[in-house]
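Participant:
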Amino acid sequence: MIAENTPAVRLNDVTKTYGSHLAVNQLSLTVPKGSIYGFIGPNGSGKTTTIRMILHILLADSGSIEVLGREGTRAANDRIGYLPEERGLYKKMKVMSLLEYYGSLKGMKRSEARLEAQKWLDQLGLSDWSNKKIEALSKGMAQKIQFISTVIAQPELVILDEPFSGLDPVNLESIRTSIIQLRNQGATVIFSTHDMSMAEKMCDSIFMIYKGEKVLDGTLNDIQTEHGRNGIRLQTEGGAAALEGLPGIESLTDLGRFQEVSLSGDHNAFLAELLKKTRVLHFEETRPSLHDIFVRIANPQDEDTEDE
Amino acid sequence: MNKILSVAKAEYLIAVRSKAFIIGIILMPVLMGGGLLVQIFFGNQVDKADRKVAIVDRSGFLYPILEDVNATRETEVVFEEDENGVKRQVRPHFRLELFEESEDTSKTGITLSKRVRKGDLFAFLIIDEAILDPDQISDESDHTLAYHTKTPTFRELPNWLRNTIHQAVLTRRFENANLDRDLVRNLSKRVNLTSLGLVRVSEDGKVEKAKRDNELVTFGIPFACMMLIFLLIMMTTPSLLNQILEEKMQKISEVLVSSVTPFQLLMGKLIGIVLTALTLSVLYLSGVYAATLQFGVSDLIKPSTYALFFLFLIMALFIYGSIFSAIGAACSEIKDSQSLMTPAMFVVMIPFFCFGPIIQSPTSLFSTLVSLFPPATPTIMMMRVAMPPGPPLWEILLSIVLTAAFTIFSVAAAGKIFRIGILSQGQAPSFGKMIKWVMSK
Chain A
9 MIAENTPAVR
19 LNDVTKTYGS
29 HLAVNQLSLT
39 VPKGSIYGFI
49 GPNGSGKTTT
59 IRMILHILLA
69 DSGSIEVLGR
79 EGTRAANDRI
89 GYLPEERGLY
99 KKMKVMSLLE
109 YYGSLKGMKR
119 SEARLEAQKW
129 LDQLGLSDWS
139 NKKIEALSKG
149 MAQKIQFIST
159 VIAQPELVIL
169 DEPFSGLDPV
179 NLESIRTSII
189 QLRNQGATVI
199 FSTHDMSMAE
209 KMCDSIFMIY
219 KGEKVLDGTL
229 NDIQTEHGRN
239 GIRLQTEGGA
249 AALEGLPGIE
259 SLTDLGRFQE
269 VSLSGDHNAF
279 LAELLKKTRV
289 LHFEETRPSL
299 HDIFVRIANP
309 QDEDTEDE
Chain B
19 MNKILSVAKA
29 EYLIAVRSKA
39 FIIGIILMPV
49 LMGGGLLVQI
59 FFGNQVDKAD
69 RKVAIVDRSG
79 FLYPILEDVN
89 ATRETEVVFE
99 EDENGVKRQV
109 RPHFRLELFE
119 ESEDTSKTGI
129 TLSKRVRKGD
139 LFAFLIIDEA
149 ILDPDQISDE
159 SDHTLAYHTK
169 TPTFRELPNW
179 LRNTIHQAVL
189 TRRFENANLD
199 RDLVRNLSKR
209 VNLTSLGLVR
219 VSEDGKVEKA
229 KRDNELVTFG
239 IPFACMMLIF
249 LLIMMTTPSL
259 LNQILEEKMQ
269 KISEVLVSSV
279 TPFQLLMGKL
289 IGIVLTALTL
299 SVLYLSGVYA
309 ATLQFGVSDL
319 IKPSTYALFF
329 LFLIMALFIY
339 GSIFSAIGAA
349 CSEIKDSQSL
359 MTPAMFVVMI
369 PFFCFGPIIQ
379 SPTSLFSTLV
389 SLFPPATPTI
399 MMMRVAMPPG
409 PPLWEILLSI
419 VLTAAFTIFS
429 VAAAGKIFRI
439 GILSQGQAPS
449 FGKMIKWVMS
459 K
């Protein structure tokens with residue numbers, strides 16, 4: 009076991025290039041033990057490369073990587089569970105033998121792996137399928153089996169690359185609950201996702217990589233505060249016309265029944281001015297969603313165009 | 019190490035439980051015996067349909083003889099008696115028909131051909147009137163016996179006709195020349211040559227007679243050793259390519275390398291196929307050994323031959339297993355693997371291109387060099403070892419050292435290619451690129 013204050017993963021100035029392509033540039037990152045850490049970023053931004061370097065499947069060109077308190081800990085380390093983004097299972101193998109095999113690759117005894125597998129199959133509602141071949145399973149079921157194979161050896165660090173892709177809402181919910189359960193049992197969970205609402209809901213901290221550079225890192229609250237615009241969403245009897253001439257409005261978007269404004273000054277002073285002109289039905293301070301921040305960072309050109 | 023064994027165990031169990039393995043067990047002896055088993059099982063399945071043949075006897079004396087011999091054949095050849103005295107037909111009946119020609123002999127061929135086409139006749143034979151005159155039939159394009167059929171592949175009938183008529187004609191020619199046929203036969207007996215080994219002096223000082231050369235020992239065992247190693251390589255190693263490529267295409271390898279290192283995975287797979295091939299070979303060799311004991315010839319194959327067989331087999335499996343694994347890991351699509359597979363198969367086939375000259379002169383420079391070339395050593399050196407008197411000891415030892423070194427090199431190189439290739443996608447591989455991977459740190 010690692011000491012309480014040692015981070016589960018620490019990257020220091022890590023750089024990786026493929027030929028002339030710079031995949032990850034001077035990345036530093038600390039994932040605290042016992043947290044759920046979300047990796048977000050568009051396709052090809054360096055997420056999987058970062059994950060593979062953490063797992064020691066790929067070697068960094070420079071910088072240092074420390075995993076569970078040790079440098080050079082490889083994927084084969086039995087304390088880590090890894091679910092790759094692109095994953096497959098032996099179609100001809102039976103569910104239980106497959107899980108036993110994966111457990112044994114993680115250093116478990118077959119009998120131990122069997123018990124643990126049975127526990128997970130029960131939890132995820134697949135116990136009736138343990139003697140069926142993988143090819144008989146639906147896509148969602150196969151994905152749950154993959155999840156079980158990742159966590160069967162009770163890893164201290166769980167790294168899930170896109171664990172929710174292709175899952176229906178019911179299966180998605182059961183995987184989500186399982187991830188939370190792992191964290192509650194003391195495991196550190198890193199997962200990458202495109203689903204921003206899932207990241208917002210689940211992650212203690214979020215890390216975003218774009219074109220190999222770290223662009224976001226911190227708690228959702230920190231990120232929203234940092235990237236938040238001073239936005240107000242409001243509804244008045246006077247509509248958009250009532251807002252004309254009021255002080256401090258930097259921009260105004262008329263959504264019809266609602267208007268969104270960004271303000272330079274104090275919200276309350278603005279509200280007082282507005283109340284003098286019309287009756288206010290709705291007044292809400294807005295924070296940008298992770299989705300908005302993601303799109304804003306990943307699509308700067310598009311945003312420029314919109315602003316024009 | 020435990021992980022390598024876990025992978026090896028899984029691979030081995032998958033392999034020996036597969037249908038291909040069961041089929042392989044049966045298929046191997048079939049291939050080895052060159053269809054011998056097929057002959058044994060299906061040899062009795064002769065087409066016993068009657069063969070009706072018309073004879074145009076222009077010699078005037080042969081038809082009655084043919085009828086006589088055919089009557090003997092009916093009792094001696096066509097039927098066979100089993101232990102209980104029950105008669106059983108084993109060969110087809112030949113139904114002979116004497117065809118009387120009309121004045122115009124030019125129409126004979128047409129008439130009879132029509133009957134063959136209709137299916138009324140199987141064939142017809144025209145016996146030339148000049149058959150007794152040896153001067154007239156010396157010409158190669160001669161048609162003294164013209165056999166016409168639309169089924170020329172059935173050889174039993176024409177062979178029987180030719181042999182029967184040949185004997186009858188010889189007898190008649192000797193009679194005409196007033197010669198005693200038995201005397202002539204006696205005087206023209208062939209001279210024989212017997213192939214023998216060397217003469218030795220036994221322990222009690224007596225000169226032992228040289229043993230008769232045994233074709234089984236001189237050709238059969240060496241060839242079988244080579245074939246067995248070759249077939250075991252072919253049955254197990256190319257499947258590694260497909261299996262690894264499939265794991266890569268279905269993204270299973272990505273999952274595996276998160277639990278084991280690529281090298282552990284490769285070694286596990288290699289050990290898996292070695293175990294599979296050893297299972298097969300132990301099965302076969304026990305059969306061979308039991309057979310030699312049964313027939314009292316167990317000294318035909320020396321224990322050292324068995325030992326060297328297993329040693330060479332294991333090294334060959336590691337070498338070719340590495341080569342095919344590396345190709346599988348380097349490719350992303352089946353069609354890419356085909357083009358890389360061809361040169362690899364060429365190397366596997368080397369013994370087939372060379373075994374003829376090597377059997378002819380096993381101690382020639384060519385034989386020595388080929389058997390010291392590591393990719394070919396397991397098959398070729400094994401063949402030479404099994405061939406009396408066998409190569410000198412230093413050659414065997416040198417070949418083992420060279421092959422062992424090459425085996426280590428192959429596995430290490432394949433490990434490098436495997437490590438990089440297994441996770442790389444979409445790149446069309448080339449030998450140049452693979453060499454670069456091998457050279458990388």
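So the protein sequences, as listed, match chains A and B. If you're matching positions, the first sequence starts at 9 in our numbering and goes up one per residue. If you're matching positions, the second sequence starts at 19 in our numbering and goes up one per residue. Note that beta-carbon positions come from the ideal geometry of N, C-alpha and C, so glycine has one too. Just so it is clear, the structure is predicted and the values come from calculations on it, not from any experiment.
(1) Indicate whether at least one CB of chain A lies closer than 7 Å to the CB of B:A334.
(2) Short of 7 Å in beta carbon distance, which residues of its chain neighbour B:Y30, apart from the five on each side in sequence? Order them along the chain.
(3) Using the rule of at least 16 other Cβ atoms within 10 Å of the residue's Cβ for burial, across every protein chain shown, is A:W128 buried or exposed?
(4) Mind checking if B:I22 is an interface residue toward chain A, Cβ cutoff 7 Å exclusive?
(5) What residues in its chain sit with their C-beta under 6 Å from that of A:C211, if we drop five residues either side in the sequence?
(6) Using C-beta distances below 7 Å, list every residue in its chain close to A:A150, excluding the 5 sequence neighbours before and after it, in chain order.
(7) Given B:D86, which residues of its chain have a CB within under 7 Å of its CB, disregarding the five upstream and five downstream residues?
(8) On the criterion of 16 or more Cβ atoms from any shown chain inside 10 Å, does A:A249 qualify as buried, or is it exposed?
(9) How is the alpha helix (DSSP H) around B:P339 delimited, first residue to last?
(10) For B:N20 and B:I332, what's the separation of their Cα atoms in angstroms?
(11) Leaving out five residues before and five after B:L390 in sequence, what residues of the same chain have Cβ atoms less than 8 Å from its Cβ?
(12) Using the Cα positions of A:R265 and A:T57, report the straight-line distance between them to the nearest angstrom.
(13) Cα separation between B:P380 and B:M244?
(14) With DSSP collapsed to three states, give me the class of A:N139.
(15) Any residues in the segment 50-74 of chain A with a beta carbon nearer than 7 Å to a beta carbon of chain B? Which ones, in chain order?
(16) Is B:K266 buried or exposed, if buried means 16 or more other CB atoms sit within 10 Å of its CB?
(17) Indicate whether B:R402 and B:P410 have their beta-carbon atoms separated by less than 7 Å.
(18) Could you tell me the distance, in whole angstroms, from the CA atom of A:K117 to the CA atom of A:A125?
(19) Can you name the residues of chain A whose CB is closer than 7 Å to the CB of B:A28?
(20) Is A:M216 helix, strand or coil when you go by DSSP?
(21) Output the distance between the C-alpha atoms of B:P369 and B:P393, rounded to the nearest integer angstrom.
(22) What are the boundary residues of the beta strand (DSSP E) that B:G450 is part of?
(23) Could you tell me whether any Cβ in chain D is nearer than 7 Å to the Cβ of A:G174?
(24) Which value, in whole angstroms, describes the spacing of the CA atoms of B:T129 and B:F79?
(25) What do you get for B:K454, buried or exposed, if any count of 16 or more other CB atoms within 10 angstroms of its CB means buried?
(26) If distances are taken between C-alpha atoms only, which option among B:M253, B:R113 and B:D222 comes closest to B:W178?
(27) Does A:E124 come out as helix, strand or coil in the three-state DSSP assignment?
(28) Verify whether the separation of the beta carbon atoms of A:A31 and A:G54 is less than 7 Å.
(29) So the alpha helix (DSSP H) B:Q356 belongs to, where does it begin and stop?
(30) Look up A:Y45 in the DSSP assignment and say whether it is helix, strand or coil.
(31) What do you get for B:V275, buried or exposed, if any count of 16 or more other CB atoms within 10 angstroms of its CB means buried?
(32) When the Cα of B:T255 is compared with those of B:K287, B:S350, B:A431 and B:K105, which residue comes out closest?
(33) According to DSSP, which residues form a beta bridge with B:V71?
(34) Taking only runs that begin and end inside the segment 131-219 of chain A, name each unbroken alpha helix (DSSP H) of 4 or more residues, in chain order.
(35) To the nearest angstrom, how far is it from the Cα of A:T313 to the Cα of A:S259?
(36) What separation, rounded to the nearest whole angstrom, lies between the Cα atoms of B:A26 and B:L284?
Facilitator: In this structure, then:
(1) no
(2) G290, L293 and T294
(3) buried
(4) no
(5) I44 and G46
(6) L97 and I142
(7) none
(8) exposed
(9) Here the sequence assigns Gly to residue 339 of chain B, which means Pro is not the residue at that position. Its alpha helix (DSSP H) spans residues P321 to A348.
(10) 21 Å
(11) M399, E413, L416, S417 and L420
(12) 46 Å
(13) 14 Å
(14) coil
(15) L63 and I65
(16) buried
(17) no
(18) 12 Å
(19) Y109
(20) strand
(21) 10 Å
(22) It is not in any beta strand (DSSP E) - B:G450 instead sits in the alpha helix (DSSP H) that spans F449 to M457.
(23) Here the protein chains are A and B, and chain D is not one of them.
(24) 23 Å
(25) exposed
(26) B:R113
(27) helix
(28) yes
(29) I352 to Q378
(30) strand
(31) buried
(32) B:K287
(33) B:L114 and B:A141
(34) 147-159, 177-192 and 204-210
(35) Since pLDDT at A:T313 reaches only 39, below the 50 mark, its modelled position is unreliable, and the value read off the structure follows with that caveat. Roughly 16 Å between the two C-alpha positions.
(36) 9 Å
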